[in-house]
Each structure stands twice: as C-alpha cells, then as structure tokens.
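In what follows, a single structure is set out as structure tokens and then discussed.
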Amino acid sequence: MVSYGITKGKPDNYTIPIVLKACAGLQALEFGKMVHGFVEKIEKTDVDMFVGASLIELYSKCGKMDEAFQVFLGFSQPDVVMWTSMITGYEQNGNAEKAVDFFSQMVIIEHLNPDPITLVSLASACTQLSDSKLGSSIHGFMIRRNLDYDLSLANSLLNLYAKTGSVNAAAKLFEKMPTKDVISWSSLIACYSHNGLAAEALNLFNEMIDRKIKFNSVTVVAALQACAVACNLEEGKRIHELVARKGLELDISVSTALIDMYMKCFSPEEALDVFEKMPKKDVVSWAALLSGYSTNGMSFKSMGTFNTMRLNNIKPDAVAMVKILVSCSDLGILQQALCLHDYVIKTGFTNNIFVGASLIELYSKCGNIVNAMKVFEGLKVKDIVTWSAIIAGYGIQGQGREALKLFNKMIETSEVMPNEVTFLSLLSACSHAGLIEEGIKIFNMMLHKYRIKPMMEHYSIIVDLLGRTGELDRALNFVEKMPIPAGPHVWGALLGAACVHHKSELGEIAAKNLFKLDPNNAGYHILLSKIYAVEKNWDNVGKLRDMVKEKRLKKMLGESVIEAGNEVHSFVANDRLHSESDQIYRLLRNLNVNMKDESHSSNSRSYLQGSVEVV
DNA sequence: GTAAGTGTTC
Numbered sequence: 001m002v003s004y005g006i007t008k009g010k011p012d013n014y015t016i017p018i019v020l021k022a023c024a025g026l027q028a029l030e031f032g033k034m035v036h037g038f039v040e041k042i043e044k045t046d047v048d049m050f051v052g053a054s055l056i057e058l059y060s061k062c063g064k065m066d067e068a069f070q071v072f073l074g075f076s077q078p079d080v081v082m083w084t085s086m087i088t089g090y091e092q093n094g095n096a097e098k099a100v101d102f103f104s105q106m107v108i109i110e111h112l113n114p115d116p117i118t119l120v121s122l123a124s125a126c127t128q129l130s131d132s133k134l135g136s137s138i139h140g141f142m143i144r145r146n147l148d149y150d151l152s153l154a155n156s157l158l159n160l161y162a163k164t165g166s167v168n169a170a171a172k173l174f175e176k177m178p179t180k181d182v183i184s185w186s187s188l189i190a191c192y193s194h195n196g197l198a199a200e201a202l203n204l205f206n207e208m209i210d211r212k213i214k215f216n217s218v219t220v221v222a223a224l225q226a227c228a229v230a231c232n233l234e235e236g237k238r239i240h241e242l243v244a245r246k247g248l249e250l251d252i253s254v255s256t257a258l259i260d261m262y263m264k265c266f267s268p269e270e271a272l273d274v275f276e277k278m279p280k281k282d283v284v285s286w287a288a289l290l291s292g293y294s295t296n297g298m299s300f301k302s303m304g305t306f307n308t309m310r311l312n313n314i315k316p317d318a319v320a321m322v323k324i325l326v327s328c329s330d331l332g333i334l335q336q337a338l339c340l341h342d343y344v345i346k347t348g349f350t351n352n353i354f355v356g357a358s359l360i361e362l363y364s365k366c367g368n369i370v371n372a373m374k375v376f377e378g379l380k381v382k383d384i385v386t387w388s389a390i391i392a393g394y395g396i397q398g399q400g401r402e403a404l405k406l407f408n409k410m411i412e413t414s415e416v417m418p419n420e421v422t423f424l425s426l427l428s429a430c431s432h433a434g435l436i437e438e439g440i441k442i443f444n445m446m447l448h449k450y451r452i453k454p455m456m457e458h459y460s461i462i463v464d465l466l467g468r469t470g471e472l473d474r475a476l477n478f479v480e481k482m483p484i485p486a487g488p489h490v491w492g493a494l495l496g497a498a499c500v501h502h503k504s505e506l507g508e509i510a511a512k513n514l515f516k517l518d519p520n521n522a523g524y525h526i527l528l529s530k531i532y533a534v535e536k537n538w539d540n541v542g543k544l545r546d547m548v549k550e551k552r553l554k555k556m557l558g559e560s561v562i563e564a565g566n567e568v569h570s571f572v573a574n575d576r577l578h579s580e581s582d583q584i585y586r587l588l589r590n591l592n593v594n595m596k597d598e599s600h601s602s603n604s605r606s607y608l609q610g611s612v613e614v615v
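In full-length UniProt numbering, the protein residues as written are 1 to 615.
Structure below.
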C-alpha cells in the first residue's frame, strides 16, 4: 500500500467501503483482496455490514460469485442490502436463476421485506429469464406496497414487459407512471420497435420531440430500429439529419444503428457513407455492414468486407461469425465453407451453439450434409436451434425420412422441446421428399401434442406438400378451412401447384387472391400466364402481359454466385426468389435473438495462414 | 458521516 506519511488513524468502517467501491469500479481484484485481508485481520468476527456489502460488490463486479457467497456466509443475520447485493451479483453475472433463488430464500425463509432496490434487481433477473409471470407479481407487490412511484423500479418493470413482448402491459405502465425520464421513454420506444410496431415507436419519438423532452443516443437507436423494421427510409433520413444536428452522429451505437437502418431500407450506399465517416469502428459496426450487404443480396461483397475487417485487426465476435457464415450460406460455396469452418475452429467458437447452427446451415446449403452432421455431433450442447438446423439440412437434401428419424431421436433422447421452426423444418422435409401422410401426421402432432399454433408458413408448406403431389382438391379444401385468412405464400403455393399440374381453374382462384394481396408482384402474373400458355389460351396470356406492362411491374433482381472449378463467379440473376429453406433459417435465427457471446476464447487472435483465407 | 438498483448498436 502507498504510504502518504499519515501515521495516525486507521481506515475504519466508513472509509473501507469507499476504497472497496473504487476497487470494484477498477476491477482491481488483487488490491481489493488485500483490503479484505486487512478487514479480516482487524475484525475476526462481526464484520460491519456496510463493509460486507462492499466486499460482495467487489467480488461480484470481478465475476467472483463464489467469493462473494463466502463473504455473505460470514454473516449470521445479513440485512436486506446484503441480500440485495447477492441478488444483484448473480443477476449481473448472468445467473438469473440463482438471483431468484436468493430472493425466495430472503422473503420466504428469512421473512425479510424487499425494498425497491431489491425489486429492481429481481425484475432484471426476470427479464433475463423472460419470466413475465413473475414480473407481473412484482408489479402487484409494488402496487400493494405503494412502491409504484419509484422511477427506477417502474423503469425496470417497463423493461421487463418490453423484453418479454408484453407491449400492452408496458404501454399501460408507462401511461400510469407519475414521473418519466429519458429511460422510460426510450424503453417504450424500443419495446414498440422490437415488437414490429414501428408506427407506435415513431409516434412516441415524435411526441418526445414535440414536448421538448430531451432524448439521447439510446432513444435514437430505438427510433432508428423502428425505421429499419418498417423499411421507412424517409423517416430514417429525417432522424439521421436530426442526430447530425445534435452531434450524436459520431456516437458508435448511433452510427451502427444508422448503418443497420440504411441496409434494411435497401440503401447500401448510404450505409457505407455512414460507416466511412465513423472515426472509430468496432466489431459491431463491421458486422452491421457485412450483414447488411447480405440483406441486400450482395453476399459476395459481404465476404470481402469480412476480409477487410480482419485486415484491420478486428476480431470477430460470435455474432459477426454467424453473420459471415450466413453470407457464405447465401453463396453456397463449399470451398469457402471449409475455410470458414477452419477459422471457427481456430478462433475457438466451436462450442458456441449459434455458430454451430450457422455452420450446420452453411454445410447443408453447400450440399455437404456429412460435414453438417459432423458439426452437429461435435456440439457439446445441442439446443432446439441446432436440432432444427440439422433437421432442415436433411430436408433440403430431400432426405425426408432421415429428417423424421432425427426428430424422433431428439424427442426420445433429449429434453429439448420442438418449436414452430422445428415443425417448419420437418414439414418442409416431408414436402421435398413427397411424404404426404407423414407431413399431415407431423402437422397434427404440432397442433395437438405440442399445442403449437401454426404460423402462415406452416399452412403454406402443407399446401405446397399437397400441391406438389397433385392432391389439388385436398389443398384447396385445406386453404378454405384455415382458421386465418390465407396469405400470399399460401395462395402462391397453390398457384405454383396449379401451374405444374395445368389446372387453370384453380390457378385463377389462387391468382385472383394473389393480385389482391400482393398486386405489385410480377411473378404471379407470369405463373398464371404460363398456365394459359399450356392451354394455348393466347387471349388471356396477352391480357396478363398487358397488365404487367401497364402496372410497370418488374421482377426482383438478386445476386447469385456459381462455383466453376476453382473460380467463383458472381452474377445477377433475374428470378432468385427467397427459397423455403432461406425462410426457415431466417425464422430459426429470429427465434434466438437473445444471443450472447459466451464461448469467446481470449487467446483467439488472427491465425490467418494460407488455407484460411476467405474469398 | 458510510453499503445494494433501471434503457444502447451487429
């Protein structure tokens, strides 16, 4: 310890917590341990609880919950603050279950009264666990104890509702809050954005501006996300100008959100412009750029960006890794897949379940199911995403029976429960392999055994399955009996089937619905005209062609890449539609948005030698 | 006189 020549006076129970807090803030574990030693030397028993709470905070901020618990055990009658310190510690170290456990012990066994701060930490733990039920009971408790005036507590509850998708509860709570700060406003805006309610989010943001309530970078990020989900370029540009005026543009999270917004609004040039103006770029901004390119059908450029990123000595995190694997999947280049897999191994992401699922997808899309299976089998932990990915993989290869076998294995040998996407993968596998009765059985199993409500995608795959095998009456009957109005993909599947089996009457029914639902899509007009052409009904063919011209419809452009020998060519194809498997994988990823960078090994630097070079 | 708590980007 440094001596300042002060010989009189020893640190006491007032000064020690201050020193410990400084250690916690600096993550200075060794120094903190010295202070701990000092405390134990002068106070063998009956350590002051203020000192105790500070010690718990020190250890938990340094990620040492076992040590924190040892300190806690040294007290026979810990008070609410000490209990709360433990709850907070577990929560902030990602062990929300333990946090809730401690809370129950404190209340049920020790009969201690939680205060607002205890409840804030408990609410954070519930958010981590997505436990909105427990959240509601916190809310009830809060009201009974007249604690609903506590701003931080209300904010953390608001956040809980926001993250668990309880939009109405969040909005209601916000309305009832007697005081609101920028966190309350930002949380509700983010809540709307994350739940796809872009108009509500932007309205709220504009209300803030109208009422001259100060917003910050967090608020702006949430508002930009709303523009991104709604593909609202105009509003996005307006917010861009606003943040530029306020000097928030150079905030790294704001610029990254701007890149993301421009990319999702299909404006890659503007996104690149923002990126290039950033004084400092981190792995998140690079990932936004490269994943944006793949969103815009420029996966080739995405791969190039990944290389530039590494040349700039930016180490990918698990999310960036997933993004680049997805770009490579879009291209379907096996040679690159092998390089990236090599890179994943060398950077120590092999046991990350999200990276694993993306690798399985990548190999499946490249047609190498053997390697996909090897990756799957090598994963220590297999969650529903990895199971669904391998099932979908077999489905794409047309190996429906294998997919069904894997599903049965999953149910028999693991605790993993199937979700919407698992069933989508299975149904798609059945459809590709022409397994009608199996597909129907799976669909019924989803409904009755697992009580999962079908999404539009499930309906359209069933229609596709029936249509593909020529069961057109059954398909139409199925559509008519759907509990929700059929969407464009359902009618599209029916139209496709009518086209294959030359049924113009059925094609007309499907097309009529499609023209209503998706009037600007040229593809449907062209499909119907193909049916007429087979019947040599040239009048109707002509009428349809005129319609397309009149509405100035164009088919969507998309990029494709072919691998020829050792060369890779990128070209623009004019009819690249998003395939079913793309959709399944996209849904699979979306169902797992709360991805955390867990297995990031610290000794992973760039190991790029010859064989690992990407594109 | 002293201890615990809320929202951000891929």
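Positions of the beta carbon are idealized from the N, C-alpha and C atoms, including for glycine.
Taking a contact as a CB-CB distance under 8 Å, the pair N419 and L379 does not count as one, their CB atoms being some 18 Å apart. In the three-state scheme derived from DSSP, where H, G and I count as helix and E and B as strand, L112 is classed as coil. Only buried fits I360, as 16 or more other CB atoms lie within 10 angstroms of its CB. Take C231, set aside five residues on each side of it, and the residues of its chain with a beta-carbon closer than 7 Å to its own are K264 and C265, in chain order.
With a cut-off of 8 Å on Cβ pairs, the segment 153 to 166 is not in contact with the segment 196 to 205, counting fewer than three such pairs. V463 is not a Cβ neighbour of V421, given a cutoff of 8 Å. An exposed status is given to I42, since fewer than 16 other beta-carbon atoms sit within 10 Å of its beta-carbon.
Here the C-alpha atom of F300 lies approximately 25 Å from the C-alpha atom of G348.
Here the segment 18 to 36 makes contact with the segment 52 to 65; the two share three or more CB pairs at distances below 8 Å.
Ranked by Cα distance from L447, the first of V416, P483 and G487 is P483. The residues M263 and A271, in chain order, have a CB closer than 6 Å to that of G292 in the same chain once the five nearest residues on each side in sequence are set aside. According to the DSSP assignment, H489 belongs to the alpha helix (DSSP H) that extends over P488 to V500. Between S364 and A392 a beta carbon distance of about 7 Å is seen, short of the 8 Å cut, so the two are scored as contacting. Q128 sits buried, since 16 or more C-beta atoms from the chains shown fall within 10 Å of its C-beta. Under the 10 Å beta carbon count, E175 is surrounded by fewer than 16 other beta carbons and is classified as exposed. With contacts defined as CB atoms closer than 8 Å, L476 and L494 qualify as a contacting pair.
The way I'd put it, the segment 104 to 114 doesn't touch the segment 88 to 96; fewer than three beta-carbon pairs between them come closer than 8 Å. By the neighbour-count criterion, in which a residue is buried when 16 or more other Cβ atoms sit within 10 angstroms of its Cβ, V355 is buried.
Around the Cβ of V385, a 10 Å sphere holds 16 or more other Cβ atoms; the residue is buried. From the listed residues N368, M208 and A28, the smallest Cα separation to Q399 is found for N368. In the same chain as G165, and ignoring 5 residues on each side of it, the C-beta atoms closer than 7 Å to its own belong to N195, in chain order.
For H194, the enclosing alpha helix (DSSP H) starts and ends at V182 to H194. Counting other Cβ atoms within 10 Å of its Cβ, G297 reaches 16 or more and is therefore classed as buried. When secondary structure is reduced to three states using DSSP, E249 falls in the coil class, being assigned neither helix nor strand. Residue burial annotation: P178 is exposed, with fewer than 16 other C-beta atoms found within 10 angstroms of its C-beta. By the neighbour-count criterion, in which a residue is buried when 16 or more other Cβ atoms sit within 10 angstroms of its Cβ, I353 is buried. Spanning the alpha carbons of A226 and C430 requires a straight line of approximately 37 Å. Under the three-pair Cβ rule at 8 Å, the segment 245 to 262 does not count as touching the segment 201 to 210.
Excluding residues up to 5 positions away in sequence, V221 and L224 lie with their Cβ nearer than 6 Å to the Cβ of A257 in the same chain. For S431, the enclosing alpha helix (DSSP H) has its first and last residue at E420 to A433.
Between the C-alpha atoms of N521 and N307 there is a straight-line separation of about 36 Å.
Runs of the beta strand (DSSP E) spanning 3 or more residues and lying entirely within the segment 452 to 483 do not occur at all.
Within the same chain, and ignoring the five residues on either side of S217 in sequence, the residues whose Cβ sits closer than 7 Å to its Cβ are L248, D251, S253 and V254.
The shortest CA-to-CA distance from K323 to any of E269, K382, F376 and G304 is the one to G304.
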